[in-house]
Amino acid sequence: MGLLDQLAGQVMGSLSGQQDQPGSTSGAMGAVMALVERAGGVPALLEQLRASGLGDQVASWIGTGANHAISGEQLSSAVGDGALAQVARQSGIEPSALSGALAGLLPQVIDHLSPNGNMPSEDLLSQGLNMLKGKLFN
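Each step along the sequence shown adds one to the number in the numbering used here, with nothing skipped, and position 104 is 104.
Following this line, the structure appears as structure tokens:
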């Protein structure tokens with residue numbers, strides 16, 4: 001579990017400066033997890049983003065270089081307003097702030113879930129996200 005603990009620490013460390021923004025870090029991470037679950041897992045969400053024309057950005061999050069940003073509008077267009085409305089209800093984040101918060105956080109989460117430019121198996125991704133959820137909500 002050392003790698004997963006390290007991953008959780010890295011994500012938490014990189015997100016610690018965002019705790020005073022709308023929807024606390026735990027709320028925003030909960031929203032990321034809800035979005036991933038709604039899409040059917042990390043690979044399915046990434047495929048949905050690629051199919052919406054965000055392939056270069058997704059590749060940058062997985063790769064070892066700088067992460068390319070996406071806007072809240074791009075994320076909303078890719079996943080749909082209905083999906084974001086449901087995630088907003090689940091996470092308690094205002095719908096008007098959610099797409100921007102997710103667009104800022106999702107690249108960091110995917111980057112930390114893909115060490116050395118490789119996406120781990122779905123099982124390992126699920127374990128990592130569940131561990132992050134446990135650290136945030138316990």
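All C-beta atoms, glycine included, are put in the ideal place defined by N, C-alpha and C.
Measure the C-alpha to C-alpha separation of Gly45 and Leu102 and round it to an integer number of angstroms.
Here residue 45 is Leu; the residue named in the question, Gly, does not match the sequence. Their backbone Cα atoms lie some 13 Å apart in a straight line.
If contacts are defined as beta-carbon pairs under 8 Å, then Pro107 and Asn67 qualify, I think. What distance do you get, rounded to the angstrom?
Indeed they touch by this definition, with Cβ atoms about 4 Å apart.
Out of Trp61, Leu54, Arg89 and Ala34, which one is the CA nearest neighbour of Pro115?
Trp61
Quick check on this structure: which residue in Pro95, Asp111, Gly100 and Gly82 has the alpha carbon closest to the alpha carbon of Arg38?
Gly82
Determine whether the beta carbon atoms of Gly92 and Gly27 lie at a separation below 8 Å.
yes
Judging by CA-CA distance, which residue of Ala88, Gly41, Thr64 and Asp56 is the nearest neighbour of His112?
Thr64
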